[in-house]
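Chemist: One structure, pasted below without further comment.
Protein chains: 2
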Amino acid sequence: MSVERPKNIQTRSGPHERLARLRVSLSELGADALLVSHLPNIRYLCGFSGSAGLLLVTGSASTLFTDSRYTFQAREEVTGARARIVKQGLLRAVGDALRGRRSRVAYAASRMSVAEKQSLDAQVGRGIRWVADANLVEKLRAVKDATELATIREAAVVVSDVFRRTLALTKPDISELELAAEIDYGIKRSGGSGPSFETIVASGPRSAWAHARPTRKPLGKSGLVVLDQGAIIRGYCSDMTRTVHVGRASARTKRLYHAVLEAQQAAKHAIRPGVTAGEVDQAARASLRSSKLDRYFTHSTGHGLGLEVHEMPRLGRGEATALEEGMVVTVEPGVYIEGFGGIRIEDDVVVTARGCDDLTTAPRDFLEI
Amino acid sequence: MSVERPKNIQTRSGPHERLARLRVSLSELGADALLVSHLPNIRYLCGFSGSAGLLLVTGSASTLFTDSRYTFQAREEVTGARARIVKQGLLRAVGDALRGRRSRVAYAASRMSVAEKQSLDAQVGRGIRWVADANLVEKLRAVKDATELATIREAAVVVSDVFRRTLALTKPDISELELAAEIDYGIKRSGGSGPSFETIVASGPRSAWAHARPTRKPLGKSGLVVLDQGAIIRGYCSDMTRTVHVGRASARTKRLYHAVLEAQQAAKHAIRPGVTAGEVDQAARASLRSSKLDRYFTHSTGHGLGLEVHEMPRLGRGEATALEEGMVVTVEPGVYIEGFGGIRIEDDVVVTARGCDDLTTAPRDFLEI
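Chain order of the listed sequences is A and B.
Note that our numbering has the first sequence beginning at 1, numbered continuously upward.
Note that our numbering has the second sequence beginning at 1001, numbered continuously upward.
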């Protein structure tokens, strides 16, 4: 467990400062305004955590449009923007606000449905030019400030502690679903607002399903168990996988486990500012190739995490994003062999000035239980 | 608790039959093919429950496109469609399948992002005419078969039982978050694969937030507590709200509670085949108006539920959808008074030949605990 903190991290960036930085990048993009439709982006920029909202950021003002279910919540949460409670549809209200203007409005084509865009187009008039938002907010979000880092670290420690306690329950007779229930319960009892995704407990041959859902199947007397779990603390996510073995494992299983662990270490060693996300992915892949296991590694090496459990950057093949100090990513190589089982080991790390630090504190040793 | 079953319900509609019915409505729409992008629709039509997929239904074939994470899962789950594991992007694979054809392809403009549509348009060529899918699959899904009804009933009973057990824990010192953890744990221990949405426990003045998230705040010695919870059983959701009072309640609180309960009964009495969803909503609203409380009722009266916790039909103002036997809806009027608190009572009901039946079995009496 590392307690070293990254050095050049901003202490805290409140909504006002985030909006100020956003306006700089907006103007670099040649846009006068940004329409934010992705809820985690809205939360990042103005604090609102409700499930329905649109945020319109112009050069001089920010307006959050939400509905009457969120009147009180908006009043309590929103900073740096004016909240407007809308009766007749959020898109119509945004359309009203834009109508008659002449401006270049950035938006996320990947975060707005064709129907929503058609509805907006029908209302805003001819003065509005839509431009791609180039993931401006996601890029800001990728680099965490000190408060965000402390929160993600807390979420990573919570789930590490829950895992340690879960080990005592990991027995042949318990079902995948029961064990997942214990994990989720442990997360909430430890102050998490919930799991950051549907907890995975996949045993025996089902461990070869990288995204298995837990079933009523008991773990069984002998076999691999993949446990993939995360906690949400004050909106921020952690994400951790451990693979354990019920009963005594074969030599082959142990060999596979150590190959995956080596690949994870290779990827972690590759992480530092300036290295591309794709190079980190390559490091894991090259390590598995040396054990002739790369063809069983069927997903990417990791992903950013923060207000979402999957965010920028993605540590995948050929990804050109250069890592920066303060980014938080998962490192999670795995091998999946049909009929045999799967092994994945996943930690959350923060990019530091010279490398990376583990946020996850759970043990990585091969455990036969 | 009602045990009467609706009479004219289809016993079971497997993927083949659902696809057959879909093809009839597709041809009525004048389309040759349907591109299904909404995951619950995909699950309904071919059984696949993974988190990435596109289903292309033509007059003669159905193809599920998914990625390598789901190779084994697709093999196990998919019926009535051919599964294709795609390496270079699902949209590109669909584009390849459509390129060069001349056909009218229905799609859901509300379920596809502008970016996805642009990517498809760039690939399919000029022979493809896109037409709106008119919610064909959602309309099929709105009317449940007997197996679906039994599953939703099971989910409603699970959450009713969990609520009864939760009452023993509902005490001044427990926090909203701890109580939510107990509910979620209870759902999973009862065989649910999880809560069907983020469980709401909102106490005191926070109960006036219709969509409050549970916090570390203890319930407190005296005040309203809104508990909104649902279970997922084999993919199907329940959704139930109860409002209880910690300590002795004022006469005003009791009066409000009974007004909400009356509004709920008025809405249930209005439900039967042929009545519109808007008329049911009106019935609840008129009942609250007679107590001068309608202005505190800030959301719609209910919504369909099934593979999603919100689906067709919506019981809201002016909704013209006519109810049909076998539809399942929530009935959940509420009043929310800032600074005072909120009261909501929500049950799941199935539309029968002559009215509706409760699926939810938890008591509706006003409880001071």
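Glycine residues also receive a C-beta, built at the ideal position from the N, C-alpha and C atoms.
Terminal residues of the continuous alpha helix (DSSP H) containing Gly-47(A)?
Modeler: The residue labelled residue 47(A) in the question sits at position 47 within the first sequence. First-last for Gly-47(A): undefined, no H or E at that position.
Chemist: Within a Cβ cutoff of 7 angstroms, which residues of the same chain sit near Arg-1092(B), ignoring the five residues on either side of it in sequence?
Modeler: As a position in the second sequence, residue 1092(B) is number 92, starting the count at 1. Only Gln-1123 meet the Cβ criterion.
Chemist: Hey, does Tyr-44(A) have any beta-carbon neighbour from chain B nearer than 8 angstroms?
Modeler: Locating residue 44(A) in the first sequence gives position 44, where the first residue counts as 1. Cβ-Cβ to chain B under 8 angstroms: no for Tyr-44(A).
Chemist: Which residue comes first and which comes last in the beta strand (DSSP E) that contains Ser-1062(B)?
Modeler: Taking the second sequence and counting its residues from 1, one reaches residue 1062(B) at position 62. Ser-1062(B) -> beta strand (DSSP E) spans 1062-1067.
Chemist: Run through the DSSP bridge pairs and tell me what Met-1240(B) is partnered with.
Modeler: Within the second sequence, numbered from 1, the residue matching residue 1240(B) stands at position 240. Bridge partners of Met-1240(B): Gln-1229(B).
Chemist: Could you check what DSSP says for His-1299(B) in three-state terms: helix, strand or coil?
Modeler: Locating residue 1299(B) in the second sequence gives position 299, where the first residue counts as 1. Correct three-state label for His-1299(B): coil.
Chemist: Any beta-carbon of chain A closer than 8 angstroms to the one on Thr-1298(B)?
Modeler: Position 298 of the second sequence, counted from the first residue, corresponds to residue 1298(B). Interface residue, yes.
Chemist: Using only alpha-carbon positions, find the residue among Arg-234(A), Val-329(A) and Arg-84(A) that is nearest to Asp-389(A).
Modeler: With chain A covering only 1 through 369, there is no way to say anything about residue 389(A).
Chemist: Which of the residues in the segment 1101-1123 of chain B, read from start to end, lie with their CB under 9 angstroms from any CB of chain A?
Modeler: Tyr-1107, Ala-1108, Ala-1109, Ser-1110, Arg-1111, Met-1112, Ser-1113, Val-1114, Ala-1115, Glu-1116, Lys-1117 and Gln-1118
Chemist: Are Pro-333(A) and Ala-249(A) close, meaning C-beta to C-beta below 8 angstroms?
Modeler: Your numbering for residue 333(A) matches position 333 in the first sequence. Your numbering for residue 249(A) matches position 249 in the first sequence. Against a cut-off of 8 angstroms, the Cβ pair of Ala-249(A) and Pro-333(A) comes out as no contact.
Chemist: Give the range of the alpha helix (DSSP H) segment to which Val-157(A) is assigned.
Modeler: Translated into positions along the first sequence, residue 157(A) becomes position 157. Element bounds for Val-157(A): 146-167.
Chemist: Whose C-alpha, out of Ala-1020(B), Pro-1015(B), Ser-1013(B) and Pro-1040(B), is nearest the C-alpha of Leu-1307(B)?
Modeler: In the second sequence, residue 1307(B) corresponds to position 307, counting from 1. If we check each option's Cα against that of Leu-1307(B), Pro-1040(B) comes out closest.
Chemist: Return the first residue and the last residue of the beta strand (DSSP E) that Asp-347(A) is part of.
Modeler: Taking the first residue of the first sequence as 1, we reach residue 347(A) at position 347. 347-351 is the extent of the beta strand (DSSP E) around Asp-347(A).
Chemist: Of the residues that make up the segment 1170-1185 of chain B, which ones have a beta carbon closer than 9 angstroms to any beta carbon in chain A?
Modeler: Cβ contacts with chain A: Leu-1177, Glu-1178, Ala-1180, Ala-1181, Glu-1182, Asp-1184 and Tyr-1185.
Chemist: According to the Cβ coordinates, are Pro-214(A) and Glu-176(A) closer than 8 angstroms?
Modeler: On the first sequence, residue 214(A) is found 214 positions in, with the first residue counted as 1. On the first sequence, residue 176(A) is found 176 positions in, with the first residue counted as 1. Closer than 8 angstroms, so yes.
Chemist: Which residues in the same chain as Ser-62(A) place their Cβ atom closer than 8 angstroms to its Cβ, once the five residues preceding and following it in sequence are excluded?
Modeler: Here residue 62(A) refers to the residue found at position 62 when the first sequence is read from its first residue. Leu-19, Leu-45, Cys-46, Leu-55, Leu-56, Gly-80, Ala-81 and Arg-82.
Chemist: Is the segment 114-131 of chain A close to the segment 1105-1114 of chain B, with three or more CB pairs under 8 angstroms?
Modeler: yes
Chemist: Taking DSSP's pairing of strands, which residues face His-245(A) in a bridge?
Modeler: Here residue 245(A) refers to the residue found at position 245 when the first sequence is read from its first residue. According to DSSP, His-245(A) bridges with Leu-224(A) and Glu-368(A).
Chemist: Can you tell me the Cα-Cα spacing of Lys-1221(B) and Lys-1171(B), whole angstroms?
Modeler: Along the second sequence, read from residue 1 onward, the residue named residue 1221(B) stands at position 221. Along the second sequence, read from residue 1 onward, the residue named residue 1171(B) stands at position 171. Cα to Cα, the separation comes out at about 8 angstroms.
Chemist: Between Val-1328(B) and Asp-1348(B), how many whole angstroms is the CB-CB distance? I'm expecting something under 8 angstroms.
Modeler: As a working mapping, residue 1328(B) is identified with position 328 in the second sequence. As a working mapping, residue 1348(B) is identified with position 348 in the second sequence. Rounded, the Cβ-Cβ distance is 6 angstroms, consistent with contact.
Chemist: Bridge partners for Pro-1195(B) per DSSP, in chain order?
Modeler: As a first step, residue 1195(B) must be located in the second sequence, where it is residue number 195. According to DSSP, Pro-1195(B) bridges with Ala-1231(B).
Chemist: Pair every Cβ in the segment 252-267 of chain A with every Cβ in the segment 180-191 of chain A, then say whether three or more of these pairs are closer than 8 angstroms.
Modeler: They do not touch, by the three-pair rule.
Chemist: Could you please give the first and the last residue of the uninterrupted alpha helix (DSSP H) stretch that includes Ser-1025(B)?
Modeler: Along the second sequence, one-based indexing puts residue 1025(B) at 25. Unbroken alpha helix (DSSP H) run through Ser-1025(B): 1015-1028.
Chemist: Determine the DSSP secondary structure at Ile-200(A), reduced to helix, strand or coil.
Modeler: Counting from 1 along the first sequence, the entry for residue 200(A) is found at position 200. Here Ile-200(A) sits in strand by DSSP.
Chemist: Beta carbons nearer than 7 angstroms to chain C: which residues of the segment 250-276 of chain A have them?
Modeler: This model lacks chain C altogether, as its protein chains are A and B.
Chemist: Taking all protein chains shown into account, decide if Ile-1200(B) is buried (16 or more other Cβ within 10 angstroms of its Cβ) or exposed.
Modeler: Looking up residue 1200(B) in the second sequence gives position 200. Ile-1200(B) should be labelled buried.
Chemist: Roughly how many angstroms lie between the CA atoms of Arg-272(A) and Gly-191(A), to the nearest whole one?
Modeler: Along the first sequence, one-based indexing puts residue 272(A) at 272. Along the first sequence, one-based indexing puts residue 191(A) at 191. When rounded, the distance between both Cα atoms is 32 angstroms.
Chemist: Determine the chain A residues that contact Ala-1210(B) at a beta-carbon separation under 7 angstroms, and present them in chain order.
Modeler: Mapped onto the second sequence, residue 1210(B) falls at position 210. Arg-69, listed in chain order.
Chemist: Using a Cβ cut-off of 8 angstroms (strictly closer), state whether Phe-1340(B) contacts chain A.
Modeler: Residue 1340(B) sits at position 340 when you count from the first residue of the second sequence. Closer than 8 angstroms: no.
Chemist: So, using beta-carbon positions, are Ala-1156(B) and Met-1240(B) closer together than 8 angstroms?
Modeler: Indexing the second sequence from 1 puts residue 1156(B) at position 156. Indexing the second sequence from 1 puts residue 1240(B) at position 240. Contact flag set, yes.
Chemist: What does the alpha-carbon distance come out to for the pair Phe-1065(B) and Ala-1033(B)?
Modeler: The residue labelled residue 1065(B) in the question sits at position 65 within the second sequence. The residue labelled residue 1033(B) in the question sits at position 33 within the second sequence. Phe-1065(B) and Ala-1033(B) have their alpha carbons spaced roughly 15 angstroms apart.
Chemist: With distances taken between CB atoms, is the gap from Ala-31(A) to Val-131(A) smaller than 8 angstroms?
Modeler: Stepping through the first sequence from its first residue, residue 31(A) is reached at position 31. Stepping through the first sequence from its first residue, residue 131(A) is reached at position 131. Yes, Cβ-Cβ distance for Ala-31(A) and Val-131(A) is below 8 angstroms.
Chemist: Which of helix, strand or coil does DSSP assign to Ala-322(A)?
Modeler: Residue mapping note: residue 322(A) aligns to position 322 of the first sequence, counting from 1. Three-state DSSP puts Ala-322(A) in a strand.
Chemist: How many Å lie between Cys-1356(B) and Val-280(A) at the Cα?
Modeler: Against the second sequence, residue 1356(B) aligns to sequence position 356. Against the first sequence, residue 280(A) aligns to sequence position 280. Rounded to whole angstroms, Cys-1356(B) to Val-280(A) spans 58 angstroms at the Cα level.
Chemist: Mind checking if Lys-188(A) is an interface residue toward chain B, Cβ cutoff 8 angstroms exclusive?
Modeler: By 1-based counting over the first sequence, the position of residue 188(A) is 188. Yes, Lys-188(A) lies at the interface with chain B (some Cβ there is under 8 angstroms from its Cβ).
Chemist: Does the beta carbon of Ser-1027(B) come closer than 8 angstroms to any beta carbon on chain A?
Modeler: Taking the first residue of the second sequence as 1, we reach residue 1027(B) at position 27. So no, Ser-1027(B) is outside the interface.
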